[in-house]
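Protein chains: 2
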Amino acid sequence: MSTTTTATAATGATTGGGPSYPPTDRTVPTRSRQRASYDKDVVHAILDEGYVCHLGFIRDGAPVVLPTLYGRIGERLYVHGSTGSRPLRMAGSKEPAEAPGLPVCLTVTHVDGLVLARSAFHHSLNYRSVVVHGTAHQVTDPDELRSALDALVDQVVPGRAADSRPANAKELAATAVIRLDLEEVSAKVRTGGPNDDAEDLPLPHWAGVVPVAPRTGTPVASADLDPAIALPSYLTAR
Amino acid sequence: MSTTTTATAATGATTGGGPSYPPTDRTVPTRSRQRASYDKDVVHAILDEGYVCHLGFIRDGAPVVLPTLYGRIGERLYVHGSTGSRPLRMAGSKEPAEAPGLPVCLTVTHVDGLVLARSAFHHSLNYRSVVVHGTAHQVTDPDELRSALDALVDQVVPGRAADSRPANAKELAATAVIRLDLEEVSAKVRTGGPNDDAEDLPLPHWAGVVPVAPRTGTPVASADLDPAIALPSYLTAR
Chain A
8 MSTTTTATAA TGATTGGGPS YPPTDRTVPT RSRQRASYDK DVVHAILDEG YVCHLGFIRD
68 GAPVVLPTLY GRIGERLYVH GSTGSRPLRM AGSKEPAEAP GLPVCLTVTH VDGLVLARSA
128 FHHSLNYRSV VVHGTAHQVT DPDELRSALD ALVDQVVPGR AADSRPANAK ELAATAVIRL
188 DLEEVSAKVR TGGPNDDAED LPLPHWAGVV PVAPRTGTPV ASADLDPAIA LPSYLTAR
Chain B
8 MSTTTTATAA TGATTGGGPS YPPTDRTVPT RSRQRASYDK DVVHAILDEG YVCHLGFIRD
68 GAPVVLPTLY GRIGERLYVH GSTGSRPLRM AGSKEPAEAP GLPVCLTVTH VDGLVLARSA
128 FHHSLNYRSV VVHGTAHQVT DPDELRSALD ALVDQVVPGR AADSRPANAK ELAATAVIRL
188 DLEEVSAKVR TGGPNDDAED LPLPHWAGVV PVAPRTGTPV ASADLDPAIA LPSYLTAR
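Respectively, the protein sequence lines represent chains A and B. The numbering of the first sequence is the numbering used here, which starts it at 8 and goes up by one. The numbering of the second sequence is the numbering used here, which starts it at 8 and goes up by one.
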């Protein structure tokens, strides 16, 4: 929550020298610029570790933020919904040439730690987030739609798409997927311990970091599952 | 991802009969209505289990979604930022009578499980989410600001606000907090196993739920922490 940054730190800290997304007015943060990164490897790694995003769009002039599943194929993200869902309808049923698409902001966040400083002011979180700005379009090409649905399933459990019944024609007709290209993208990462002011170091308050991470528990089989079907390797390896 | 619901199910499934938020056009979902709840106890419980929200607002006509900390006091949420941050500046520095405030959508999501069905189509997540629509205003009353800052710290680690140095005048001046009243609010909850179609039950794919929950690790003290300062009870009890 410290706001003291420099322009030099903005690009120097986390850009690895590989391919990166060009910064724009809306992907350069107004504060904590040293935590921003446009490195494609950094962005991809954060995206690939998650499967739930928060999708923001405008409805009747007001912002809406909904949690939803996403999948990544290269430089494209796919977001899943039913054809009856509001954002999907707004993204249009035609390809870009005929539909204007839906302006969105898609954000993925991982919390890595609670940062406890001696001062209330310097309390913070360790986290990694990616924010994508762009215009989403509904996927209409049948091959792309099938690839996107596989990517959405494999994003949650890698290897699962090949071990489930693919969508049939009726299900495909009831499913809408929107595509968002990774063009205007930034990551933001905070790591390390608390940044207490020097005069606060003698204070009698514990200071440090409490690590946080998602825990995957033991899979629970459906009551109606054939007992002969063993837990698949893509689940035992988690 | 099943879309078959009925109007009856929309309010019957999860409303406990206690105080509730009045449903509005934008808090009644277009699908999976049986998962929606307006029960205040349900909403408060979901909010109190988290500390990171995704805040959506409109900037230059486009949606923006940023992860940020929040705290709850009764029917008010507080969101923290620096006075230099974009949403805070947009929320204005005056009370509602003089500033229009910032239209926002604040969403909190907990993932509880990965739902693996025999069909790709019926894959889903178990989750609990709260979506709050409203207009945020900057907190200017000094007493409310101090209470909000305590709530923000205690939301992350209950009991911590009393065991840290409170913000001083300089820090208070550099801190902006916006307030969002809980008025137009809904929760959405999915629980249980996969909803496979009957004809898919004989398929040879494993089906069930993989539980997911955040794990809190062993606290790591700052390198410069006085070794005489023991881990506080509000951390050992986690």
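In this text, a Cβ means the ideal position worked out from N, Cα and C, and glycines have one as well.
Own chain residues within Cβ distance below 8 Å of residue i, not counting five before or after
i: B/THR34; result: TYR28, ALA43, TYR45, VAL138, HIS140, GLU191, VAL192 and SER193
i: B/PRO36; result: ARG42, ALA43, SER193 and LYS195
i: B/ALA14; result: With a pLDDT of 30 at B/ALA14, under the threshold of 50, the modelled position of this residue cannot be trusted; read the value that follows with caution. So the list reads ARG40, once near-sequence residues are dropped.
i: B/ALA214; result: LEU123, ALA124, ARG125, GLY200, PRO201 and ASP203
i: B/LEU152; result: VAL146, LEU179, THR182 and VAL184
i: B/ALA244; result: none
Residues sharing a beta bridge with residue i, DSSP
i: A/GLY120; result: A/ASN133 and A/PRO218
i: A/ALA143; result: A/LEU109
i: A/HIS87; result: A/VAL184
i: B/SER126; result: A/ARG172
i: B/LYS195; result: B/ALA43 and B/SER136
i: B/ARG5; result: With chain B covering 8 to 245 only, the question about residue 5 of chain B has no answer from this structure.
i: B/ALA228; result: A/GLY215
i: B/VAL115; result: B/VAL137
i: B/SER27; result: B/ASP46
i: B/THR223; result: A/VAL219
Residue i: contacting residues in chain B (beta-carbon distance under 7 Å)
i: A/SER154; result: Simply none; closest approach about 12 Å.
i: A/PRO107; result: The contacting residues do not exist; A/PRO107 stays about 13 Å from chain B at best.
i: A/VAL160; result: ALA127 and HIS130
i: A/PRO110; result: ALA69 and PRO70
7 Å Cβ cut-off: residues of chain A touching residue i
i: B/ILE236; result: PRO211 and TRP213
i: B/GLU178; result: PHE128
i: B/ILE65; result: ILE65 and PRO70
i: B/HIS144; result: What B/HIS144 touches in chain A: nothing, since even the nearest Cβ is about 16 Å away.
i: B/GLY200; result: SER229
i: B/ALA174; result: ALA127 and PHE128
C-beta atoms of residue i and residue j nearer than 8 Å
i: A/VAL163; j: A/LEU76; result: yes
i: A/LEU62; j: A/VAL111; result: yes
i: A/SER131; j: A/ASP207; result: no
i: B/ASP231; j: B/ARG83; result: no
i: A/GLY224; j: B/VAL196; result: no
i: A/GLY57; j: A/VAL115; result: yes
i: A/ARG222; j: B/PRO221; result: yes
i: A/THR198; j: A/ASN133; result: yes
i: A/LYS47; j: A/GLY25; result: yes
i: B/LEU121; j: B/CYS60; result: no
i: A/ASP170; j: A/PRO239; result: yes
6 Å Cβ shell around residue i - same chain, five flanking residues per side excluded
i: B/GLY323; result: There is no way to answer for residue 323 of chain B, as the model of chain B reaches only from 8 to 245.
i: A/LYS101; result: Bear in mind that a pLDDT of 48 at A/LYS101, under 50, signals an unreliable position, so the number given afterwards is only what the model happens to contain. For A/LYS101, where only same-chain residues beyond five positions count, there are no Cβ hits under 6 Å.
i: B/LEU210; result: ARG125
i: B/PHE64; result: VAL71, PRO94, LEU109 and VAL111
i: B/PRO103; result: Confidence is the limiting factor: at B/PRO103 the pLDDT is only 47, short of 50, which leaves the residue's position unreliable, though a coordinate-based value still follows. Result list for B/PRO103: HIS144, in chain order.
i: A/GLY200; result: VAL216
i: A/HIS212; result: ARG125
i: A/HIS87; result: LEU76, LEU159 and VAL184
i: B/THR142; result: GLY108 and PRO110
i: A/VAL50; result: VAL137, VAL192 and ALA194
i: A/PRO30; result: TYR45
i: A/ALA155; result: TYR85, VAL146 and VAL184
i: B/ARG135; result: ILE53, HIS117 and VAL196
Residue i Cβ short of 7 Å to the ligand GDP heavy atom set
i: A/THR75; result: Questions concerning the ligand GDP fall outside what the structure shown contains, since it holds no ligand whatsoever.
Proximal chain A residues relative to residue i, where beta-carbon distance stays under 8 Å
i: B/ARG222; result: VAL219, ALA220, PRO221 and ARG222
i: B/LEU164; result: It is worth fixing the name first, because residue 164 of chain B is Val in this sequence and not Leu. In chain order: LEU121, LEU123 and VAL217.
i: B/LEU232; result: TRP213, ALA214 and GLY215
i: B/SER240; result: What B/SER240 touches in chain A: nothing, since even the nearest Cβ is about 10 Å away.
i: B/ALA43; result: Those do not exist, as B/ALA43 stays about 13 Å from chain A at its closest Cβ, beyond 8 Å.
Residues near residue i by beta carbon distance below 7 Å, same chain, minus five either side
i: B/TYR241; result: VAL164, PRO165, GLY166 and ARG167
i: A/LEU54; result: ARG79, VAL115 and VAL137
i: A/SER229; result: none
i: B/ILE236; result: none
i: A/VAL219; result: VAL118, ASP119, GLY120 and LEU121
Cross-chain neighbours of residue i in chain B, by beta carbon under 9 Å
i: A/TYR134; result: VAL59 and PRO74
i: A/VAL35; result: In chain order: nothing, as chain B lies at least about 11 Å away.
Within chain B, the residues that residue i reaches when beta carbons sit closer than 8 Å
i: A/THR116; result: VAL59, HIS61 and PRO74
i: A/ASP150; result: The contacting residues do not exist; A/ASP150 stays about 16 Å from chain B at best.
i: A/LEU208; result: ASP231
Proximal chain A residues relative to residue i, where beta-carbon distance stays under 9 Å
i: B/PRO226; result: LEU121, LEU123, TRP213, GLY215, VAL216, VAL217 and PRO218
Subject >> Minimum length 4: unbroken alpha helix (DSSP H) runs contained in the segment 43-76 of chain A >> reply: Fully enclosed alpha helix (DSSP H) runs of 4 or longer: 47-56.
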